[in-house]
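S.K.: Have a look at this one.
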Amino acid sequence: MTGRDGSDWEATNYRTHTLGEVRDAGAQMIGHEVTVAGYAEAVRGRGAICFLMLRDGTGHLQAFLKKDNMNEETFATIQGASRESTIQVTGTVAQKRPPKVAEGEPNPPAEFEINVTDGQVLAMSQTPLPVGVVDDVHVGLDTRLDNRHLDLRRQHVNAMFQLRSKVLQYGREHLISEGFMEMNSPKIIASASEGGTNLFPIKYFETDAYLSQSPQLYKQLAVLGGLERVFEIGPAFRAEKHDTYRHLNEFISFDIEGAWMNDEDVMCVQERMIHHIWSQVNANDQNLIDMINEYKESQNEEKVAVEVPSLPFPRISYCEAIDIVKAGGGEIEWGDDIESHHCDLIAAKYPGFHFLPKWPMSMKPFYIFHDENEKGNTGGQLSRGFDLNYGRDEMTSGGQREHRVEVLEQNLRNMDLDPLDFTFYTDGFRYGAPPHAGWGLGVARLLMVLTGAGNVREVVLFPRDRSRVTP
Numbered sequence: 056m057t058g059r060d061g062s063d064w065e066a067t068n069y070r071t072h073t074l075g076e077v078r079d080a081g082a083q084m085i086g087h088e089v090t091v092a093g094y095a096e097a098v099r100g101r102g103a104i105c106f107l108m109l110r111d112g113t114g115h116l117q118a119f120l121k122k123d124n125m126n127e128e129t130f131a132t133i134q135g136a137s138r139e140s141t142i143q144v145t146g147t148v149a150q151k152r153p154p155k156v157a158e159g160e161p162n163p164p165a166e167f168e169i170n171v172t173d174g175q176v177l178a179m180s181q182t183p184l185p186v187g188v189v190d191d192v193h194v195g196l197d198t199r200l201d202n203r204h205l206d207l208r209r210q211h212v213n214a215m216f217q218l219r220s221k222v223l224q225y226g227r228e229h230l231i232s233e234g235f236m237e238m239n240s241p242k243i244i245a246s247a248s249e250g251g252t253n254l255f256p257i258k259y260f261e262t263d264a265y266l267s268q269s270p271q272l273y274k275q276l277a278v279l280g281g282l283e284r285v286f287e288i289g290p291a292f293r294a295e296k297h298d299t300y301r302h303l304n305e306f307i308s309f310d311i312e313g314a315w316m317n318d319e320d321v322m323c324v325q326e327r328m329i330h331h332i333w334s335q336v337n338a339n340d341q342n343l344i345d346m347i348n349e350y351k352e353s354q355n356e357e358k359v360a361v362e363v364p365s366l367p368f369p370r371i372s373y374c375e376a377i378d379i380v381k382a383g384g385g386e387i388e389w390g391d392d393i394e395s396h397h398c399d400l401i402a403a404k405y406p407g408f409h410f411l412p413k414w415p416m417s418m419k420p421f422y423i424f425h426d427e428n429e430k431g432n433t434g435g436q437l438s439r440g441f442d443l444n445y446g447r448d449e450m451t452s453g454g455q456r457e458h459r460v461e462v463l464e465q466n467l468r469n470m471d472l473d474p475l476d477f478t479f480y481t482d483g484f485r486y487g488a489p490p491h492a493g494w495g496l497g498v499a500r501l502l503m504v505l506t507g508a509g510n511v512r513e514v515v516l517f518p519r520d521r522s523r524v525t526p
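Residue numbers (the working numbering): 56 to 526.
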């Protein structure tokens, strides 16, 4: 069998073919006996006939049941099944009778169905459904997330998570093609990865520990150990009390680190990776975008298009960004954070992907590199840290890392952190450390751009925020 993405499916105990395979093979399957299984999207018909619309992860297909052609008890059980029950049927593939068309009009494409000879209800669905699957009824996001197992059966939602899998696949492929190797860092740590207090404390046997904020320090230690280019796709945890459309307390990110690289080098890696992801989605996954757009059209929402971004992405330095915000009427001074309402003014000129490099050192973590000779407009020390934005939204934080141990320790003191608490990290820099750089890119925020989702929770399977720890 072949999946909708071209991958091979193997027959299982419950089906010889997927619904999509039967549908796509069309006339070649006529007369062949198949066994298929899926969710009952609709059950219509009374008396001696029944039309069963089945849905699985590859598509839809109609099954036609006639009491005279099968066991009467089996027929009655399937005919009485509630919507979303899981049903297996066996029968022969046939072409559906085409609808009548007016003279001179073209005939519609041929459609196919299964004439059922046997079947069974594998699991009967309870009624009523807490979330409609095919009904055009508005349901709030909280209700959808409480019933994500049903929400996922909606075509456009399912497409979003198929697309998420593709984004992970394409991103991983590209990083490997550039010589990066995949690593795994611990998620139970002894102290803050990036300073600050936004940590989830846990008890690790008799020891106080925390959930990892970032793989940052461990990526660097791997690079110092001679694994010159590494990446990780994994979770991070931030105990921040945000309640916005783009923040969660657990998130998945692409993270990379590369030896003998500076901030510009890794910005180039990132823009090439995003360009590759968009190119692959554009070439291979328009069917998923179409499913999302079909729903958006039904809701009178703006449809999305996969426009492959041009390279290189614009670079707007922090100092330039301040000037743009001021010119647009925004109130900001050098050394202030660039907040969302400021980003709106920048996005008016740069609506797509754009980098914001060379932030003030005072606004970046202790491990970010700075050149003592690089000063801002007001004489403040500049760092080699950068962000990547798409329009108003931040996607990435990254930069060149500080590889001089004495500067690292002073940076910690400047941030009121005790270097003795970070010896597990700083000790790695005492024996020759190459200049290196990296970044972290939120996967869900990439999906928001691709799918046009208005809330990050839409593209996270089981999101974790201040109020949600189940399901």
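Every residue gets a Cβ at the ideal spot worked out from N, C-alpha and C, and that includes glycine.
1) Touching or not, the region 429–446 and the region 277–297, by the rule of three or more beta carbon pairs under 8 Å?
2) Using alpha carbons as the reference points, say which of 170, 388, 338 and 403 lies closest to residue 447.
3) Is the beta carbon of residue 494 sitting closer than 9 Å to the one on residue 346?
4) Out of 122, 383, 305 and 513, state which residue places its alpha-carbon closest to the alpha-carbon of residue 268.
5) Just curious, the alpha helix (DSSP H) that residue 167 is in, first and last residue?
6) May I ask which residues mark the beginning and end of the alpha helix (DSSP H) holding residue 102?
7) Just curious, the beta strand (DSSP E) that residue 141 is in, first and last residue?
8) If you draw a straight line from the alpha carbon of residue 522 to that of residue 308, how long is it in whole angstroms?
9) So what does residue 305 bridge to, in DSSP terms?
10) Rounded to whole angstroms, what's the CA-CA distance from residue 77 to residue 239? Just pull it up for me.
11) Closer than 6 Å by C-beta to residue 277: which residues in its own chain qualify, once you throw out the five before and the five after it? Chain order, please.
12) Which whole-angstrom value is the C-beta distance of residue 514 and residue 525, which I expect to be below 8 Å?
13) Among 324, 90 and 82, whose alpha-carbon lies nearest the alpha-carbon of residue 443?
14) For residue 500, which of helix, strand or coil comes out of DSSP?
15) Three Cβ pairs or more, each shorter than 8 Å: is that satisfied between the region 149–164 and the region 123–137?
16) Pick from 462, 518, 520 and 500: whose alpha carbon is nearest that of residue 218?
17) Run through the region 472–519 for me and flag every whole beta strand (DSSP E) of 3 or more residues, listed as ranges in chain order.
18) Smallest Cα separation from residue 407: which of 192, 215, 263 and 361?
19) Here's the rule: buried if 16 or more other CB atoms are within 10 angstroms of the residue's CB, otherwise exposed. What is residue 58?
20) Could you tell me which residues DSSP puts in a beta bridge with residue 448?
21) Whose CA, out of 426, 111 and 496, lies closest to the CA of residue 445?
22) Starting from residue 262, follow the beta strand (DSSP E) in both directions and report where the run begins and ends.
23) Run the CB neighbour count on residue 412, radius 10 Å, all protein chains shown included, and call it buried at 16 or more, exposed below.
24) Short check: CB of residue 456 to CB of residue 275, under 9 Å?
25) Hey, out of 423, 451, 516 and 416, whose CA is closest to residue 434's CA?
26) Note down the Cα distance separating residue 518 from residue 199, rounded to an integer number of angstroms.
27) Quick check on DSSP: helix, strand or coil for residue 82?
28) Taking the DSSP output, what are the residues bridged to residue 313?
29) If distances are taken between C-alpha atoms only, which option among 472, 484 and 410 comes closest to residue 453?
30) On the three-state DSSP scale, how would you describe residue 456?
31) For residue 130, report the span of its beta strand (DSSP E) as first-last.
32) Looking only at C-alpha atoms, which of 374, 70, 326 and 264 sits nearest to residue 388?
33) What distance in whole Å lies between the Cβ atoms of residue 510 and residue 196, which are believed to be in contact at a cut-off of 8 Å?
34) Can you give me the C-alpha to C-alpha distance between residue 167 and residue 68, rounded to a whole angstrom?
35) How is the alpha helix (DSSP H) around residue 218 delimited, first residue to last?
36) Reducing DSSP to helix, strand and coil, say where residue 370 ends up.
M.R.: If we stick to the structure as given:
1) no
2) 403
3) no
4) 305
5) First-last for residue 167: 167–178, but that is the beta strand (DSSP E), not the alpha helix (DSSP H).
6) Neither: residue 102 is in no alpha helix (DSSP H) and is coded neither H nor E.
7) 141–150
8) 22 Å
9) 292
10) 41 Å
11) 238 and 285
12) That pair is no contact at about 19 Å.
13) 324
14) helix
15) no
16) 500
17) 491–497
18) 361
19) Any reading at residue 58 must be qualified, since the residue scores a pLDDT of 49, below 50, and its modelled position is unreliable; no value is offered.
20) 445
21) 496
22) 262–266
23) buried
24) yes
25) 416
26) 12 Å
27) helix
28) 284 and 492
29) 410
30) strand
31) Here residue 130 belongs to no beta strand (DSSP E); instead the alpha helix (DSSP H) covers 127–134.
32) 374
33) 7 Å
34) 23 Å
35) 210–232
36) strand
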